[in-house]
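Reading through the structure tokens given below for one structure.
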Amino acid sequence: MTSQTLFQLSRIGYLALLLLLSGWFIQQGINGTYSLGFSLIWIVPLLFPLKGILTGNPYTYAWASFILCVYLLHGLTLAYITTDAFVFAVIESVLIGILLITFPFYARKRGRELGLGLKKKSEQQ
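Position in the sequence shown (first residue = 1) + 92 = this note's numbering.
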């Protein structure tokens, strides 16, 4: 896969996840399942890497995977404990799983194209 394909796939997947989770948590806040403030707290961490993901910054793609791990835990837990939101939880988990694969691959591939990376110890001296 080219870095452009990985970029498009990652960006579309991230925006889909952002819309899916925003809709879910806001709906839960309106229904009274969660408070609206609690729902917004769940959405805010997803907004931190937004600019870097939209612009294709490989460094952002590298660290954004750590944020996704929290949401993967949420999706898997929800799939395990409820039958009402099972389909939502599976969609959330699969989407995050795809992003957890494409984000690091894009970061690595694009970082190499840009000449970014960690310097080897022998090159530093």
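Here a beta-carbon is modelled for each residue, glycine too, at the ideal position from N, C-alpha and C.
Quick check on residue i: does DSSP put it in helix, strand or coil?
i	result
Phe140	coil
Ser114	helix
Tyr106	helix
Thr125	coil
Leu218	No information on residue 218 is available, as it lies outside the stretch 93 to 217 that the chain covers here.
Leu206	coil
Thr97	helix
Can you round the beta-carbon distance between residue i and residue j to whole angstroms, since I take them to be within the 8 Å contact cut?
i	j	result
Leu113	Ile133	Rounded, the Cβ-Cβ distance is 12 Å, inconsistent with contact.
Gly167	Ala181	5 Å
Thr194	Gly105	7 Å
Every unbroken alpha helix (DSSP H) within the segment 142-202, with a cutoff of 4 residues, ordered by chain: 142-147, 150-173
Any contact of the segment 161-168 with the segment 182-194, i.e. 3+ C-beta pairs under 8 Å? yes
Report yes or no: do three or more beta-carbon pairs, one from the segment 192-211 and one from the segment 136-154, lie closer than 8 Å? yes
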